[in-house]
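In this note's numbering, the protein residues as written are 46 to 199.
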């Protein structure tokens, strides 16, 4: 099932021309991702308790149409790739106007980082199950798992 959040472009999300500023796109995408995770058992405090958190390694934004102050926009959340151990992900956020016109697309690549080790980790099974519920986007691909040194347990 498609997961979406609806936003109204606020004054603080706009630039001097009345257009939605570039960082607001990233913030709406992040709010959508974190909203999904919170609704599926992983609000931010749970990440703190478990000692890991999501980390973005790359973000790409394609602007297709303008969004302006006061516009309504719907942001969805799909997966474009996942490692077999779920340590790495590639997520997509498409931005839609009411009526179905796409206005932007954000693709983020990242993983799950251990707070103390500062390295990518395999997330717990409950989070893997939550991610499995994120719909797959067209072009989905399997990503490489994290590399382990020979002495590291799997």
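In this text, a Cβ means the ideal position worked out from N, Cα and C, and glycines have one as well. Note that the structure is a prediction, hence the values are computed from the model and not measured.
Segment limits, beta strand (DSSP E) that includes residue 75: Unbroken run through residue 75 is the alpha helix (DSSP H), 67–84; no beta strand (DSSP E).
DSSP state of residue 132 mapped onto helix, strand, coil: DSSP places residue 132 in coil when its eight states are reduced to three.
Outcome for residue 73 when other beta-carbon atoms lying within 10 angstroms are tallied against a minimum of 16: Within 10 angstroms of the beta-carbon of residue 73 lie 16 or more other beta-carbons, which makes it buried.
For residue 53 and residue 123, believed in contact at Cβ under 8 angstroms, the rounded distance: Actually they are not in contact, since the Cβ atoms of residue 123 and residue 53 sit about 23 angstroms apart, beyond 8 angstroms.
C-alpha gap between residue 176 and residue 156, whole angstroms: The straight-line gap from Cα to Cα measures roughly 12 angstroms.
Length of the line joining the Cα atoms of residue 67 and residue 92: For residue 67 and residue 92, the gap between their C-alpha atoms comes out near 27 angstroms.
Test item: CB-CB of residue 63 and residue 113 under 7 angstroms: Yes, these two residues count as a Cβ contact at 7 angstroms.
Alpha-carbon to alpha-carbon, residue 89 and residue 162: Spanning the two alpha carbons is a distance of roughly 19 angstroms.
Distance, residue 141 Cα to residue 187 Cα: Going by the C-alpha atoms only, they are around 27 angstroms apart.
Continuous alpha helix (DSSP H) stretch holding residue 172: start and end: Secondary structure note for residue 172: its alpha helix (DSSP H) is the uninterrupted segment 170–177.
Residue 87 in three-state terms, based on DSSP: In the structure shown, residue 87 sits in coil (DSSP, three-state: anything other than H, G, I, E or B).
Selection from 135, 94, 167 that minimises the alpha carbon distance to residue 101: Residue 101 has its Cα closest to that of 135, out of 135, 94, 167.
Buried or exposed by the 16-neighbour rule on C-beta atoms within 10 Å, applied to residue 131: So residue 131 counts as buried.
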